[in-house]
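Protein sequences appear in the order of chains G and C.
End of the first sequence = 161 in our numbering, gap-free, step of one.
End of the second sequence = 161 in our numbering, gap-free, step of one.
Every residue, glycine too, gets a C-beta built ideally from N, C-alpha and C.
A short worksheet on the structure shown next.
2 protein chains.
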Amino acid sequence: MTSAKTEKLSASLEDYLEAIFNLADDAGQARSKDIATVLGVAKSSVTGALQLLRSKGLANYERYGCVTLTSQGRAVAREVARKHDILTSFFVDVLGVEKETAQRAACQAEHALGAEIIGRLLSFVDYVAARSQDGCDLAGEFRLFHGRRSVKRTRGQVQ
Amino acid sequence: MTSAKTEKLSASLEDYLEAIFNLADDAGQARSKDIATVLGVAKSSVTGALQLLRSKGLANYERYGCVTLTSQGRAVAREVARKHDILTSFFVDVLGVEKETAQRAACQAEHALGAEIIGRLLSFVDYVAARSQDGCDLAGEFRLFHGRRSVKRTRGQVQ
DNA sequence: AAGTATAGTTAGGTACAACTAACTTTGTCA
DNA sequence: TGACAAAGTTAGTTGTACCTAACTATACTT
Numbered sequence: 003m004t005s006a007k008t009e010k011l012s013a014s015l016e017d018y019l020e021a022i023f024n025l026a027d028d029a030g031q032a033r034s035k036d037i038a039t040v041l042g043v044a045k046s047s048v049t050g051a052l053q054l055l056r057s058k059g060l061a062n063y064e065r066y067g068c069v070t071l072t073s074q075g076r077a078v079a080r081e082v083a084r085k086h087d088i089l090t091s092f093f094v095d096v097l098g099v100e101k102e103t104a105q106r107a108a109c110q111a112e113h114a115l116g117a118e119i120i121g122r123l124l125s126f127v128d129y130v131a132a133r134s135q136d137g138c139d140l141a142g143e144f145r146l147f148h149g150r151r152s153v154k155r156t157r158g159q160v161q
Numbered sequence: 003m004t005s006a007k008t009e010k011l012s013a014s015l016e017d018y019l020e021a022i023f024n025l026a027d028d029a030g031q032a033r034s035k036d037i038a039t040v041l042g043v044a045k046s047s048v049t050g051a052l053q054l055l056r057s058k059g060l061a062n063y064e065r066y067g068c069v070t071l072t073s074q075g076r077a078v079a080r081e082v083a084r085k086h087d088i089l090t091s092f093f094v095d096v097l098g099v100e101k102e103t104a105q106r107a108a109c110q111a112e113h114a115l116g117a118e119i120i121g122r123l124l125s126f127v128d129y130v131a132a133r134s135q136d137g138c139d140l141a142g143e144f145r146l147f148h149g150r151r152s153v154k155r156t157r158g159q160v161q
């Protein structure tokens, strides 16, 4: 509990944290330009966001310098990334959504769901995996179920 | 396809539409004051939103008059309400979340998830119900599964 | 019908999150 | 080492979504 202002970050700032976290992981460092590319925003938007993150004690950053996260920033980023992964797993491994689509949806939904629901979602993914170990393929069964009914619903429609 | 500007509404405007839709349903009409109460915003914010919705052809509204939705507005509102209901069902009936919590989460997530995932989520809720008919209570089993592991995880912790 | 309470609007302000254009700094390489 | 490209910043603008305070219109009540 260093000095954690738990003021709830905006979805946008959470995205910046997540991007910095992932870039540092993949590329070793987070450059402003790469953050802009990853998030699809202008470079100047990144500068603004970094100033904000610094002011909230979440990022270490100085003009023209490279960016790192503070331990608080890292904790928040890790949590966002965790939500992202759990959602993606659920969408892909349980609902059978295509990976690309799942990723995009997870990006949106990760900011909207709290610890309670995310925790249960993780449990659920694990539950489905455990049942699968026991020879009961819920995900596969569900795909059949969904396939049948969505064929019915869209048959002959323009869509 | 009347003249549908499919310009993707903001989460905020979707909330206004949903509130108007529900108020008209429950109370017979949507008064500005009630919209403000339901959404927890100031009356003046409602006025602004109504002007916007009117300009987008989604609400019929004139100064000091009462508000109705156009057929386009109703279609959008219905879709948002549908997402809300499907999410709530999933949270409550599958994940076993408390209703109040589920509602709040659904309000947030309904704006983040597209047709593909919502469709599958609906299927999934129906799948669980169908399995339950066949005597296989997946939701109940999952609750046990989740209960065991969350007891383990939080045992002895401050939380 | 007057007066007051309630409902609704307007005006003006704040914060956020993005943008473009113009500028500065940094890094590279011939 | 000096010029130039790439990276980063600043300034100024836009649009959204809120707010408060002050105003206006409507509705109720006697």
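Cut-off 8 angstroms between Cβ atoms - residues of its own chain near residue i, not counting five sequence neighbours on either side
i                     : result
residue 161 (chain C) : Because the pLDDT of residue 161 (chain C) is 45, which lies under 50, any placement of that residue in the model is unreliable, and the question is left without a value.
residue 126 (chain G) : 92, 96
residue 144 (chain C) : 96, 97, 98
residue 101 (chain G) : 90, 94
residue 54 (chain G)  : 15
residue 45 (chain G)  : 34, 35, 38
residue 130 (chain C) : 95, 96, 140, 141
DSSP state of residue i mapped onto helix, strand, coil
i                     : result
residue 71 (chain G)  : strand
residue 128 (chain C) : helix
residue 149 (chain C) : helix
residue 112 (chain C) : coil
residue 12 (chain C)  : coil
residue 102 (chain C) : helix
residue 123 (chain C) : helix
residue 137 (chain C) : coil
residue 19 (chain G)  : helix
residue 89 (chain C)  : helix
residue 5 (chain G)   : Residue placement at residue 5 (chain G) is poorly supported in this model, since its pLDDT is 41, which falls under 50; the coordinates still yield a value, given next. In the structure shown, residue 5 (chain G) sits in coil (DSSP, three-state: anything other than H, G, I, E or B).
Same chain, Cβ closer than 6 angstroms to residue i, five either side skipped, listed in chain order
i                     : result
residue 124 (chain C) : 88
residue 16 (chain C)  : 82, 113
residue 31 (chain C)  : 68
residue 63 (chain C)  : 52, 56, 69
residue 80 (chain G)  : none
residue 36 (chain G)  : 25
residue 78 (chain C)  : 19
Own chain, CB closer than 7 angstroms to residue i, minus 5 neighbours either side, in chain order
i                     : result
residue 13 (chain G)  : 113
residue 120 (chain G) : 85, 88
Residue i: CB within 6 angstroms of a non-hydrogen atom of the ligand ADP
i                    : result
residue 64 (chain C) : With respect to the ligand ADP, the structure shown offers nothing to examine, as it has no ligands at all.
Self-check item: Complete alpha helix (DSSP H) runs within the region 24 to 86 of chain C (minimum length 4 residues, chain order)
Solution: 34 to 41, 45 to 57
Quiz item: What residues in the region 86 to 102 of chain C bring their beta carbon closer than 9 angstroms to a beta carbon of chain G?
Solution: 93, 96, 97, 98, 99, 100
Quiz item: If you measure beta-carbon to beta-carbon, which residues of the region 63 to 88 of chain G are closer than 9 angstroms to chain C?
Solution: none
Quiz item: Which residues, in order along the region 110 to 129 of chain G, keep a beta-carbon less than 8 angstroms from a beta-carbon of chain C?
Solution: 110, 111, 113, 114, 115, 116, 118, 119, 121, 122, 123, 125, 126, 128, 129
Quiz item: the region 9 to 28 of chain C: which residues have C-beta closer than 8 angstroms to a C-beta of chain G, in chain order?
Solution: none
Practice problem: Could you list the residues in the region 142 to 156 of chain G with a C-beta less than 8 angstroms from some C-beta on chain C, going in chain order? | Solution: 143, 144, 147, 148, 151, 152
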